[in-house]
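Chains as they are written, first to last, in this note's numbering: chain P, 1 to 112; chain V, 1 to 112.
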Amino acid sequence: DTGVSQDPRHKITKRGQNVTFRCDPISEHNRLYWYRQTLGQGPEFLTYFQNEAQLEKSRLLSDRFSAERPKGSFSTLEIQRTEQGDSAMYLCASSLDGVDYTFGSGTRLTVV
Amino acid sequence: DQQVKQNSPSLSVQEGRISILNCDYTNSMFDYFLWYKKYPAEGPTFLISISSIKDKNEDGRFTVFLNKSAKHLSLHIVPSQPGDSAVYFCAATGLDTDKLIFGTGTRLQVFP
């Protein structure tokens, strides 16, 4: 197992377009998290899953954002009608019952 | 509101000396604290953690101290090495949540 994998590493999109990111967690980890990091800030929590159930969502997650983890393995994060303010690093992490919290390398989104 | 604060955005230390990074928190429900190290274009990497039942945890060159009454923790790196140059984030979590709340980070530069 090579850790938490995120795809793509970089995404440049035009304002108004939809984008989707993928995260593959460590295989035995049952919990998966999405965070967003902007310049000069620490990572901010967006949402998390335990297996396929989405258990918590941040107020940061507007209705343009949706996350899924359909089979309790990989997860996708979709942003619809992107805005320039969505430009950030999107980080995925996974853990086994809250232990060994491991982050991926992130997807850097630039909205132009 | 910023529940986890790192008031020093940057720190510069000579190789071989001690680096001390500080973190303050406001939420008394936090019971587990972590330090992460982050290089540019990579996700945060776990460094060391401490439970609220302890006041010190040590791992090699890294020691974390927790002062619950002051709601303050610090990370000591000794001796500091040039490879330690990175951004360090303090994070906290509590019994009632699985999400991590991060500080804004401190950029450490270790010079020869």
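The beta carbon of each residue, even a glycine, is placed where N, CA and C say it ideally should be.
Beta-carbon contacts of residue i that lie in its chain and below 6 Å, excluding the five residues immediately before and after
i                : result
PHE114 (chain P) : Because chain P in this structure spans residues 1 to 112, residue 114 (chain P) falls outside the shown range and cannot be described.
LYS37 (chain V)  : THR45, LEU47, ALA86 and TYR88
GLY72 (chain P)  : ASN51 and GLU52
LEU34 (chain V)  : SER49 and ALA91
Integer Cβ distance of residue i from residue j, believed to fall under 8 Å
i               : j               : result
SER74 (chain V) : SER19 (chain V) : Contact doesn't hold; Cβ gap of about 10 Å is too wide.
LEU55 (chain P) : CYS92 (chain P) : No, LEU55 (chain P) and CYS92 (chain P) are not in contact; Cβ-Cβ is about 16 Å, not under 8 Å.
PHE49 (chain P) : SER58 (chain P) : Between SER58 (chain P) and PHE49 (chain P) the Cβ distance is about 13 Å, and since that is not below 8 Å, they are no contact.
Test item: CB-CB of residue i and residue j under 8 Å
i                : j                : result
LEU100 (chain V) : THR106 (chain V) : no
PRO44 (chain V)  : PRO43 (chain P)  : yes
MET29 (chain V)  : ASP84 (chain V)  : no
ASP24 (chain V)  : LYS71 (chain V)  : yes
SER8 (chain V)   : ASN27 (chain V)  : no
SER94 (chain P)  : HIS29 (chain P)  : yes
THR82 (chain P)  : GLN17 (chain P)  : yes
PHE65 (chain V)  : LEU47 (chain V)  : no
SER105 (chain P) : GLU58 (chain V)  : no
ARG36 (chain P)  : VAL112 (chain P) : no
GLY40 (chain P)  : THR102 (chain P) : no
Nonlocal neighbours in the same chain, by C-beta distance under 8 Å from residue i, ignoring five residues either side
i                : result
PRO82 (chain V)  : GLU15, VAL110, PHE111 and PRO112
THR110 (chain P) : HIS10, LYS11, ILE12, THR13 and SER87
TYR32 (chain V)  : SER49, ILE50, SER51, SER52, ALA92, THR93 and GLY94
Reduced DSSP category for residue i - H, G, I as helix; E, B as strand; rest coil
i                : result
GLY98 (chain P)  : coil
GLN7 (chain P)   : Before going further, note that residue 7 (chain P) is Asp rather than Gln in the sequence given. Reduced to three states, the DSSP call for ASP7 (chain P) is strand.
GLY85 (chain P)  : helix
GLY106 (chain P) : coil
ASP98 (chain V)  : coil
ASP31 (chain V)  : strand
ASP59 (chain V)  : strand
ASP63 (chain P)  : coil
Contact set for residue i: own chain, Cβ-Cβ below 7 Å, skip 5 residues either direction
i                : result
PRO8 (chain P)   : THR107
TYR39 (chain V)  : ALA86
THR38 (chain P)  : ALA88
THR104 (chain V) : GLN6
* Inter-stretch contact at 8 Å, needing at least 3 Cβ pairs: the stretch 1 to 10 of chain V / the stretch 51 to 67 of chain P -> no
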